[in-house]
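Engineer:
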Amino acid sequence: MDEKDVFNKENKPESVWFKFEKVGDRISGELLEVVDKAPSGDFVSQRVWVLKTKDGETVNVGQKRYKDEKNGNLDLSYVAGALRNAKIGDIIGFEFEKEIPATTKKYSPAKSIQPYLVPQHKEQQTDAQAF
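Each residue of the sequence shown is one higher than the last, beginning at 965 in this note's numbering.
Dropping the structure here:
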């Protein structure tokens, strides 16, 4: 193959990041990994769940984390809290349920994401043991 063929736009891989664009968008799969990413450039800190879908694709689902002004800790949202007991190998899902109007003018509405968890393990572990 000629090197210039490699750089053809048709050869660009699709993004491995799932994007919630409209209400009803959803993704699910086997949990492979959970990563807390530090802020970088224009991107804020986020928690990333790496899933293997039923089609065998590996997909990243990220959620922003914000600093709690009261104690300085990173705030783990409802989604992260609801999935705190998820273990590697469990089936998890995310669904964009609704938009919540912004309280500040010119801001986009917030996306209400509902997490789902189907445990695949009988024994209970703590987060420290699982991740």
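Note that CB positions come from ideal geometry on N, CA and C, so glycine has one too.
Need the endpoints of the alpha helix (DSSP H) that Val-1082 sits in, please.
Structural biologist: Position 118 of the sequence shown, counted from the start, is the residue given in the question as residue 1082. Note, Val-1082: premise wrong, no alpha helix (DSSP H); beta strand (DSSP E) at 1074 to 1082.
Engineer: In or out: Gln-1084 buried (at least 16 other Cβ within 10 Å) or exposed?
Structural biologist: Sequence index remark: in the sequence shown, residue 1084 carries index 120 (1-based). The residue in question, Gln-1084, is exposed, as its Cβ has fewer than 16 Cβ neighbours within 10 Å.
Engineer: With DSSP collapsed to three states, give me the class of Asp-969.
Structural biologist: Against the sequence shown, residue 969 aligns to sequence position 5. It is helical.
Engineer: For a test of the three-state rule: what should DSSP assign to Lys-983, helix, strand or coil?
Structural biologist: Locating residue 983 in the sequence shown gives position 19, where the first residue counts as 1. Looking at Lys-983 - three-state DSSP - the assignment turns out to be coil, as it is neither helix nor strand.
Engineer: Count the other CB atoms, across all protein chains shown, that sit within 10 Å of the CB of Arg-1011; report buried if there are 16 or more and exposed otherwise.
Structural biologist: Position 47 of the sequence shown, counted from the first residue, corresponds to residue 1011. Buried, by the Cβ-count rule.
Engineer: If you run the structure through DSSP and keep just helix, strand and coil, what is Gly-1057?
Structural biologist: Stepping through the sequence shown from its first residue, residue 1057 is reached at position 93. Note: Gly-1057 maps to strand in three-state DSSP.
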